Structures are given as C-alpha cells and as structure tokens.
Amino acid sequence: MDLGLKGKTALVTGSARGIGASIAASLAKEGVNIIITDINDNNAGNITAEIQKYGVKCWFYTMNVADSNSVSECIKKIQEAGIGIDILVNNAGVTRDNLLIRLKEEDWDMVLNVNLKGAFNCTKAVAPIMMKSRWGRIINITSIVGVMGNKGQANYSASKAGMIGLTKSCAHELASRNITVNAIAPGFIVSDMTNALSEEVQKDFMSKIPLGRFGGVEEIANTVTFLASDKAAYMTGQVLGVNGGMYM
Ligand SMILES: NC(=O)c1ccc[n+]([C@@H]2O[C@H](COP(=O)([O-])OP(=O)(O)OC[C@H]3O[C@@H](n4cnc5c(N)ncnc54)[C@H](O)[C@@H]3O)[C@@H](O)[C@H]2O)c1
9 MDLGLKGKTA LVTGSARGIG ASIAASLAKE GVNIIITDIN DNNAGNITAE
59 IQKYGVKCWF YTMNVADSNS VSECIKKIQE AGIGIDILVN NAGVTRDNLL
109 IRLKEEDWDM VLNVNLKGAF NCTKAVAPIM MKSRWGRIIN ITSIVGVMGN
159 KGQANYSASK AGMIGLTKSC AHELASRNIT VNAIAPGFIV SDMTNALSEE
209 VQKDFMSKIP LGRFGGVEEI ANTVTFLASD KAAYMTGQVL GVNGGMYM
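The opening position of the sequence shown corresponds to residue 9 in my numbering, with each subsequent residue numbered one higher.
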C-alpha cells in the first residue's frame, strides 16, 4: 500500500534509541528521509547506519529539546544544509518518579521542561517551515498516564496531559495551512524507560492489560507512520491510545 510518504523528511526527537529509533525505522521503510536528534550522540553512528539501510537519507543532530537555543540552533543548521522538514515527531521524554510529597521541585521542572516545553520548543521552531510548504504532520508522543494519572508520576502525568492540550491548540491553529497535529498515548511499551521499573510495578501493570501483554516499540512506530501518511489526512487534534486496552 502506498502511504504517500516517499521523499518526505521527518525529524524525530529523542530518536537515538527506544520508541524514537523504531519510529525513525518505520518511516524510513516508507521512503521517508530521517533527521535523528537526541541529547547525546552515543549511538549516532549505529542508528544512522541502520536507517540508511532502508535506502533513505539520514542525518544526526545533537539537540536538547528542553533548551530553546539548542532547538533553534539545530533547526537553523538543518535549514542551512538545505534539508526540509515535513513531519515532526515530538518523542523525547523522561521520567523522575516519586510520590507527590517527596517529589523535588527540580524533578518537577526537569520533567515538565523536557516533555512539555520540549514539544513546544520544537513545534514552534518547525511549524513555520511547514506553514511555508502548506503541508505538515506533527505527532506528539504523550502517554496513557497523561489521560489516567498514576501514583508516583504527578510530574510525568502533568507533562503528558499538557502535551494533549498543546496538540489540540496547535491542531486548531495550523489546520488552515494543511498541517495536522495528533497525539499518541502509549500504554506499557517495552523499552529502557520501562525496563527500569521494578518487577512488582511491571506485574501490577500487566494485570491491568486486557490483551495480556506489554506493547512493542514497533506498535507505536506503526501508529506514527499511519498518522504521518495520506491515509490519516482527515484526522487532527486526536489522541490515539495504543495500550492493549489498559484504558478505554
Ligand atoms: N516506554 C513506555 O512504556 C512509554 C509509555 C508511554 C509513553 N512513552 C513515551 O515515549 C517516548 C519515548 O520513550 P522510550 O520508552 O523510548 O524512552 P527512552 O528513555 O528509551 O528514550 C528516550 C530518548 O529521549 C532522549 N532524551 C532525553 N532527554 C532529552 C532531551 N532533553 N532532548 C532530547 N532528547 C532527549 C534520550 O536520550 C533517549 O534517547 C517518551 O516521550 C515517553 O514518555 C513511553
């Protein structure tokens, strides 16, 4: 099936590993050129080589989404290199979990700055490029926790709920320029982020998943590819849950 994505270019934040790396690979399989960005370049060589195997162009840029100067400098470099941006995936995210009464102000700020302000910084920097070409797709990776809340994750769930508000407001503002803005709310996906959780917490999550298994990174990546494609042209301002039925 032709998804109409061949020759487009996607920037995926926090894509050196995990869900972001899988999103990059899924889009590359459809002929999308990929701009990998991450806060550190530890895996830059491996990930770019892996993406280039799909016969597309792939670039790596170091970018800290929480820092508006880092974001604007990175986007400037990309533009100076003559690279366009048709698809933006705001994927970079962190957790600093603790119960509310023990949650430190610095952990609140850190999580809000990366997850929510990061998506704002990147959307603000990239939207003008899409507005000029009168086509764009912005896909925000929020979380089931942003819709449900979760014990020990007041900062994370607030940041992810904030991303949903950002998604809907940007969808209103950018629709007239043929730019869609949607969010994906993953449930429990096997990655470094969730591997860090204790066995007890993992067991508790599993007992709440009707499909009886954790999700794979590619299941989020497939949904991103669908939302980026022509097949989702009439969808904007939506939040798609990909969670094995954990929240309905
Ligand atoms: N894994 C899950 O179960 C799950 C569930 C719901 C939502 N999510 C969301 O999916 C996204 C990806 O999660 P993951 O599981 O792949 O996590 P991960 O920790 O494996 O990957 C996150 C990536 O973001 C990068 N990053 C961190 N801070 C950054 C910053 N300031 N600027 C740029 N890059 C930065 C990291 O270096 C890393 O490569 C996150 O937004 C996360 O909140 C994950």
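Where a beta carbon is used, it is the ideal one built from N, C-alpha and C, also for glycine. This structure is a prediction, so every number in the text was calculated from the model and none was measured.
Exercise for the section: Would you list, in sequence order, the uninterrupted beta strand (DSSP E) runs of no fewer than 3 residues that lie entirely inside the stretch 61-87? Expected result: 66-70
Problem - Alpha-carbon spacing of I86 relative to Y69, whole angstroms - result: I86 and Y69: Cα-Cα distance of roughly 8 angstroms.
Handout entry: Spatial distance of G15 from S215 (CA atoms)
Key = 43 angstroms
Problem - Proximity test, R104 beta-carbon vs ligand 1 heavy atom, cut-off 7 angstroms - result: no
Problem - Under the three-state DSSP convention, the category G157 falls into - result: coil
Exercise for the section: Measure the Cβ-Cβ separation of L96 and V134 and say whether it is below 8 angstroms. Expected result: In this structure, V134 lies closer than 8 angstroms to L96 by Cβ.
Practice task
List the endpoints of the continuous beta strand (DSSP E) containing D46.
Solution key: 41-46
Practice task
Find out if the Cβ-Cβ distance for the pair P194, I137 is shorter than 8 angstroms.
Solution key: no
Problem - Residue ranges of each beta strand (DSSP E) within the stretch 106-169, 3 or longer - result: 144-149
Practice task
Can you grab the Cα-Cα spacing for the pair W116 / A179, in whole Å?
Solution key: When only Cα atoms are considered, W116 and A179 end up about 27 angstroms apart.
Problem - Those runs of the alpha helix (DSSP H) which lie wholly inside the stretch 182-209 and span at least 4 residues - result: 200-203
Problem - Own chain, CB closer than 7 angstroms to K176, minus 5 neighbours either side, in chain order - result: G245
Handout entry: S151 CB to nearest heavy atom of ligand 1 below 7 angstroms
Key = yes
Practice task
Within the same chain, show all residues whose beta-carbon is closer than 7 angstroms to that of N163, passing over the 5 residues directly before and after it, in chain order.
Solution key: R104, L111, D115, W116, V119, L120
Practice task
Return the Cβ separation of V155 and N123 in integer angstroms, given the expectation that the two are a contact with Cβ distance under 8 angstroms.
Solution key: In fact, because the Cβ distance is near 14 angstroms, the residues do not count as touching under 8 angstroms.
Exercise for the section: List the whole-angstrom C-beta distance separating N190 from L248, where the pair is believed to meet the contact cut-off of C-beta under 8 angstroms. Expected result: 7 angstroms
Exercise for the section: Would you tell me roughly how many angstroms separate the C-alpha atoms of Y62 and E226, rounded to the nearest one? Expected result: 16 angstroms
Problem - Residue environment, Q60, which counts as buried when at least 16 other CB atoms sit within 10 Å - result: exposed
Practice task
Find the nearest neighbour of M243 within the set V198, L182, Q210, I217, judged by alpha-carbon distance.
Solution key: L182
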